[in-house]
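Participant: Starting off with a structure, shown below.
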Amino acid sequence: MCLYFINRYRQKNPKWENEACLVFENTDIFDLHRFIPEYKPTQLINLPNLAKTLGIKQLFIKDESFRFGLKAFKALGSTYAIYRIVKDYLRNQNRPEIKIENFYNSNFLKPNEIKFCTATDGNHGRAVAWAARKLRQKAIIYMPGNSVNSRIENIRLEGAEVIVVDGSYDDAVNRAAVDAKNHGWQIVSDTSWPGYEKIPQYIMAGYLTMFREIHQELEESATIDALFIQGGVGALAASASWFYNKEYHFSTPKLISVEPTDAACLLASIKSKDGLPISLKNVQNSIMAGLNCGTPSLVAWPFIKTRFDMFMSVSDEFCVDAMKRYYNPTGDDRQIISGESGAAGLAGLLALLNHKSAQVIRNKLNVGDESTILLINTEGDTDPVAFDTLVRKPAKL
Ligand SMILES: Cc1ncc(COP(=O)(O)O)c(C=O)c1O
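Numbering (my numbering), first residue to last: 60 to 456.
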């Protein structure tokens with residue numbers, strides 16, 4: 060199943076005036092990342108054979124499955140947010156400032172001086188735990204009840220304490236916020252709510268490094284016509300909105316959000332009265348675990364609402380098809396290991412291309428034989444057991 064909705068709030072040239080704009084304009088984001096010892100730009104992969112099969116001109120995949128050895132893009136956000144939090148903490152204590160180049164490779168904090176806390180479907184929590192461990196600090200990570208073992212274990216392996224709540228991702232967010240307040244822990248959430256805005260802004264801004272890498276590599280050699288981008292709480296999508304509206308000047312790519320059918324909170328919000336963010340009431344149980352979020356991030360939403368062109372939801376079978384296409388390339392296309400949430404962008408593209416009555420929409424979105432499409436493989440096989448079952452060794456019928 061696939062649903063799509065053209066955005067009636069799209070503005071040609073949105074003028075955003077809020078606090079998050081100042082954060083997006085920070086000039087220290089890329090510097091912070093490039094001084095992290097594990098930093099290396101991830102690859103931008105051209106898949107000419109898949110593009111031909113799909114009937115489009117060019118297909119580029121930014122492969123975040125190799126980011127920092129964590130199999131997902133998320134640490135771009137958590138490392139920047141934690142850097143900013145600790146900088147403020149040192150300043151408030153009148154302690155000396157730490158040079159950006161030394162931040163993630165020196166022991167300037169006492170062990171466990173700060174306790175970081177967040178909720179996660181897997182990747183963000185692992186990224187927070189990883190950054191905390193680098194600074195010798197403790198992390199306490201809340202996860203929804205349907206989290207799989209491998210994602211829980213990967214977070215524990217970073218030395219974090221994991222608390223699995225009896226409920227959804229949104230329930231985990233609420234529990235983390237309450238417990239952090241009661242215990243005086245520092246919450247590092249990628250989603251935001253009234254009164255908790257600054258840190259999620261840092262996280263969205265941290266994701267800009269990925270878009271900057273893509274276009275440093277492409278320069279003017281290819282302009283992007285459309286980007287299909289997966290939506291969880293919308294922080295990544297908001298970062299794309301900012302980048303393609305404010306930093307990229309070669310063309311105006313169409314931005315298309317892709318969410319699981321069960322967890323399409325961005326789609327539901329754009330359809331709601333006045334396009335205000337709303338929370339889903341249903342259970343979110345897609346295999347695209349990283350996208351199983353029921354409520355858009357408050358600080359992300361204004362950027363998405365006025366810049367995205369279309370909102371789609373896709374059922375899990377499109378995602379499995381996309382994972383398999385990445386894993387079984389045709390001709391000399393490169394193989395890509397793409398986990399469930401990582402493959403969601405391609406799932407959206409496949410769904411749109413397969414939809415018989417969507418020709419008008421495809422034309423409107425510049426998705427056709429002249430188009431260059433960009434997708435982001437936001438995660439690798441973060442659940443290797445499911446990856447084996449779905450992709451490597453699917454049961455024969
Ligand atoms: C692999 C993966 N892709 C995409 C997303 C969506 O990002 P956001 O929640 O910022 O929309 C997530 C969120 O956790 C994720 O883990």
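Glycine is no exception: its CB is placed at the ideal position from the N, C-alpha and C atoms.
Give the DSSP bridge partners of Phe-175, in chain order.
Facilitator: Taking the first residue of the sequence shown as 1, we reach residue 175 at position 116. Phe-175 pairs with Ala-198, Gln-245.
Participant: Counting along the chain, where does the alpha helix (DSSP H) carrying Gln-152 start and finish?
Facilitator: In the sequence shown, residue 152 corresponds to position 93, counting from 1. Neither: Gln-152 is in no alpha helix (DSSP H) and is coded neither H nor E.
Participant: On the CB-based measure, 16 or more other CB atoms within 10 Å of its CB, does Gly-19 come out buried or exposed?
Facilitator: Examination of residue 19 is not possible in this model, given that the chain is present from 60 through 456 alone.
Participant: Among Asn-182, Glu-376, Glu-399, Gly-427, which one has its Cα closest to the Cα of Leu-412?
Facilitator: For the purposes of this step, residue 412 is taken as the residue at position 353 of the sequence shown. Checked all of Asn-182, Glu-376, Glu-399, Gly-427; the closest Cα to Leu-412 is Gly-427.
Participant: In the DSSP assignment, find the unbroken alpha helix (DSSP H) run with Glu-212 in it and report its ends.
Facilitator: Within the sequence shown, residue 212 is the residue found at index 153, counting from 1. That run of the alpha helix (DSSP H) goes 208-215.
Participant: Roughly how many angstroms lie between the CA atoms of Lys-174 and Val-224, to the nearest whole one?
Facilitator: Counted from its first residue, the sequence shown places residue 174 at position 115. Counted from its first residue, the sequence shown places residue 224 at position 165. Rounded to whole angstroms, Lys-174 to Val-224 spans 19 Å at the Cα level.
Participant: Here's a check: name, in chain order, each residue in its chain whose Cβ is nearer than 6 Å to the Cβ of Ile-222, leaving out the five neighbours to either side.
Facilitator: Numbered from 1 along the sequence shown, position 163 holds the residue referred to as residue 222. Only Tyr-201 meet the Cβ criterion.
Participant: Under the criterion of a Cβ to heavy atom distance below 6 Å, does Gly-291 qualify as lining ligand 1?
Facilitator: In the sequence shown, the residue the question calls residue 291 occupies position 232. Checking every heavy atom of ligand 1 against the Cβ of Gly-291, one is found closer than 6 Å.
Participant: Which of the three DSSP states, helix, strand or coil, is assigned to Ile-432?
Facilitator: Residue numbering aside, residue 432 sits at position 373 when the sequence shown is read from its first letter. Looking at Ile-432 - three-state DSSP - the assignment turns out to be strand.
Participant: If you drop the 5 nearest sequence neighbours on each side, which residues of the same chain put their C-beta closer than 7 Å to that of Thr-282?
Facilitator: In the sequence shown, the residue the question calls residue 282 occupies position 223. Phe-309, Ser-310, Thr-431.
Participant: Please specify which runs of the beta strand (DSSP E), each continuous and at least 3 residues long, are wholly inside the segment 366-444, giving them in chain order.
Facilitator: Qualifying beta strand (DSSP E) stretches, in chain order: 369-373, 431-436.
Participant: Quick check: what's the CA-CA separation for Asn-213 versus Lys-423?
Facilitator: The residue you call residue 213 lines up with position 154 of the sequence shown. The residue you call residue 423 lines up with position 364 of the sequence shown. Rounded to whole angstroms, Asn-213 to Lys-423 spans 42 Å at the Cα level.
Participant: Determine, using beta carbons only, whether Ala-186 and Ser-137 come nearer to each other than 7 Å.
Facilitator: Numbered from 1 along the sequence shown, position 127 holds the residue referred to as residue 186. Numbered from 1 along the sequence shown, position 78 holds the residue referred to as residue 137. Against a cut-off of 7 Å, the Cβ pair of Ser-137 and Ala-186 comes out as a contact.
Participant: Enumerate in chain order the residues of its own chain whose CB-to-CB distance from Pro-443 is below 8 Å, with the five nearest sequence positions on each side excluded.
Facilitator: Here residue 443 is taken as the residue at index 384 of the sequence shown, counted from 1. Counting only Cβ-Cβ distances below 8 Å, and skipping sequence neighbours, we find Ser-209.
Participant: Give a yes or no on contact between the segment 364-383 and the segment 315-324, applying the rule of three or more CB pairs nearer than 8 Å.
Facilitator: The answer is yes - the segment 315-324 touches the segment 364-383, with three or more Cβ pairs under 8 Å.
Participant: Do three or more CB pairs link the segment 390-407 to the segment 121-134 at distances below 8 Å?
Facilitator: Counting Cβ pairs under 8 Å, three or more are found: they touch.
Participant: In this structure, how does DSSP classify Asn-105 when only helix, strand and coil are distinguished?
Facilitator: For this step, residue 105 is matched to residue 46 along the sequence shown. Of the three classes helix, strand and coil, the one that applies to Asn-105 here is strand, per DSSP.
Participant: Is it right to say Gly-254 is buried, meaning 16 or more other beta carbons lie within 10 angstroms of its own, or is it exposed?
Facilitator: Residue 254 sits at position 195 when you count from the first residue of the sequence shown. Exposed, because fewer than 16 other Cβ atoms sit within 10 Å of the Cβ of Gly-254.
Participant: Along the chain, where does the alpha helix (DSSP H) that runs through Glu-276 open and close?
Facilitator: Position 217 of the sequence shown, counted from the start, is the residue given in the question as residue 276. 267-277 is the extent of the alpha helix (DSSP H) around Glu-276.
Participant: In this structure, how does DSSP classify Ala-486 when only helix, strand and coil are distinguished?
Facilitator: Any property of residue 486 remains undetermined from this structure, which presents the chain solely from 60 to 456.
Participant: Can you tell me which of the three DSSP states Cys-61 falls into?
Facilitator: Position 2 of the sequence shown, counted from the start, is the residue given in the question as residue 61. Three-state DSSP puts Cys-61 in a strand.
Participant: I'd like to confirm something about Ala-294: is its beta-carbon nearer than 6 Å to some heavy atom of ligand 1, or not?
Facilitator: Translated into positions along the sequence shown, residue 294 becomes position 235. Yes; taking the cut-off as 6 Å, the Cβ of Ala-294 has a heavy atom of ligand 1 nearer than that.
Participant: Can you give me the C-alpha to C-alpha distance between Phe-377 and Thr-112, rounded to a whole angstrom?
Facilitator: Taking the first residue of the sequence shown as 1, we reach residue 377 at position 318. Taking the first residue of the sequence shown as 1, we reach residue 112 at position 53. In a straight line, the C-alpha of Phe-377 is about 16 Å away from that of Thr-112.
Participant: Scan the segment 96-140 and note each continuous alpha helix (DSSP H) run of 4 residues or more that stays entirely inside, going in chain order.
Facilitator: Fully enclosed alpha helix (DSSP H) runs of 4 or longer: 107-113.
Participant: With DSSP as the reference, identify every bridge partner of Ala-285, one or two as the case may be.
Facilitator: Here residue 285 refers to the residue found at position 226 when the sequence shown is read from its first residue. According to DSSP, Ala-285 bridges with Lys-313, Ile-432.
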